[in-house]
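Have a look at the structure below, then the notes.
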Amino acid sequence: MLKAENVSMRYFRKTGEANHFYAVREASLGLNAGEVAVLTGRSGSGKTTLLHMLSGLLTPTSGTVTLDGADLYGLKDGALSRLRNQRLSVIPQGRSAVDTLTVLENVLLPAQLAGKPGDRAAAERWLNTLGILALADARTGELSGGELRRMAIARALFQDAEVLLADEPTGDLDDANTALALSVLQSAAKERGKAVLIVSHDSEASRYADALYRMDGGTLERVE
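For the sequence shown, this note's numbering assigns the number 9 to the initial residue and increments by one for each residue that follows.
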């Protein structure tokens, strides 16, 4: 479904012995419907850079990223934005809440950006699944880091895209909510046919993997 072939990301710098460095070196990866891929590795190993290339956010220096054969980076900006809204859903590592909106309004935001009213009942079901329905009308400034993380997961699942790309989705979560988040993402693959990639430092995530990858120094390796 989503396929990266020999993608690399090279950055140039003005100082130092070398005038460039590779954040990602010729990585190839395929994400399939109904499967969970887990990518592990130390901080700075290139995991998030690879995820950004897979999601249409960062143009590779070389290589291709295709979704059902369509080259993401061959699309014009408008078409790529529509594709990302409709078919790719990202759970970012950093804070992604819009502080002027309530929790429920944040979850409904992808639909509104697409010019649709959004299914309030569906959004509330995802909030309930993630254990934060009672916070639906709260402002995001009232939430803890773990609650914000679960809100971001609920928003990505509400978007109902074919591909889910989750960057450290269990950051800020305790053990119980880590298990909840990972099981919900696994269910999205197994019960709803999504292609799921989980980028994580958490060793617990590996237990949910159909395919396990590791990055080290920008080099991607399939572990199992």
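Ideal Cβ positions, reconstructed from N, Cα and C, are used throughout, including at glycine.
How is residue i classed by DSSP in three states: helix, strand or coil?
{"i": "V192", "result": "helix"}
{"i": "R230", "result": "strand"}
{"i": "H209", "result": "coil"}
{"i": "V111", "result": "helix"}
{"i": "A122", "result": "coil"}
{"i": "N14", "result": "strand"}
{"i": "S70", "result": "strand"}
{"i": "G153", "result": "helix"}
{"i": "M223", "result": "strand"}
{"i": "R95", "result": "helix"}
{"i": "R163", "result": "helix"}
{"i": "T186", "result": "helix"}
{"i": "E132", "result": "helix"}
Could you tell me whether the Cβ atoms of residue i and residue j are closer together than 7 Å?
{"i": "G154", "j": "D183", "result": "no"}
{"i": "L205", "j": "A45", "result": "yes"}
{"i": "A119", "j": "L138", "result": "no"}
{"i": "G71", "j": "E132", "result": "no"}
{"i": "E176", "j": "S214", "result": "no"}
{"i": "L190", "j": "Y216", "result": "yes"}
Using the C-alpha atoms, what's the distance from residue j back to residue i?
{"i": "T74", "j": "S195", "result": "24 Å"}
{"i": "G38", "j": "A174", "result": "15 Å"}
{"i": "S63", "j": "L121", "result": "18 Å"}
{"i": "L10", "j": "L96", "result": "10 Å"}
{"i": "P125", "j": "S211", "result": "39 Å"}
{"i": "V171", "j": "A203", "result": "5 Å"}
{"i": "A105", "j": "M159", "result": "8 Å"}
{"i": "T48", "j": "E34", "result": "17 Å"}
{"i": "R128", "j": "R21", "result": "48 Å"}
{"i": "L65", "j": "N93", "result": "12 Å"}
{"i": "E199", "j": "Q167", "result": "16 Å"}
{"i": "A130", "j": "N114", "result": "13 Å"}
{"i": "H28", "j": "S89", "result": "30 Å"}
{"i": "G82", "j": "Q101", "result": "26 Å"}
{"i": "L135", "j": "G52", "result": "32 Å"}
Note down, in chain order, each residue of its chain lying with its Cβ closer than 6 Å to the Cβ of residue i, except the 5 sequence neighbours on either side.
{"i": "V32", "result": "S16, M17, G54, T57, L58 and G226"}
{"i": "G201", "result": "A41 and G42"}
{"i": "I140", "result": "E155 and R158"}
{"i": "E232", "result": "L220"}
{"i": "T148", "result": "A105 and D107"}
Grab me the residues of residue i's own chain with a C-beta within less than 8 Å of its C-beta, minus the 5 sequence neighbours each way, in chain order.
{"i": "A164", "result": "S97, V98, I99, L172 and A174"}
At a Cβ threshold of 7 Å, is residue i touching chain B?
{"i": "G225", "result": "Chain labels in this structure do not include chain B; a single protein chain is all it has."}
For the region 138-156 and the region 99-110, state whether three or more C-beta atom pairs, one from each stretch, are separated by less than 8 Å.
-> Here the region 138-156 lies against the region 99-110, with 3 or more beta-carbon pairs under 8 Å apart.
Per the contact definition of three or more C-beta pairs closer than 8 Å, is the region 75-82 in contact with the region 219-231?
-> Below 8 Å, too few C-beta pairs join the region 219-231 and the region 75-82 to call them touching: fewer than three.
Spell out a yes or no on whether the region 10-20 and the region 50-61 are touching, meaning 3 or more CB-CB pairs, one atom from each, closer than 8 Å.
-> Because the criterion of three Cβ pairs below 8 Å is met, the region 10-20 and the region 50-61 touch.
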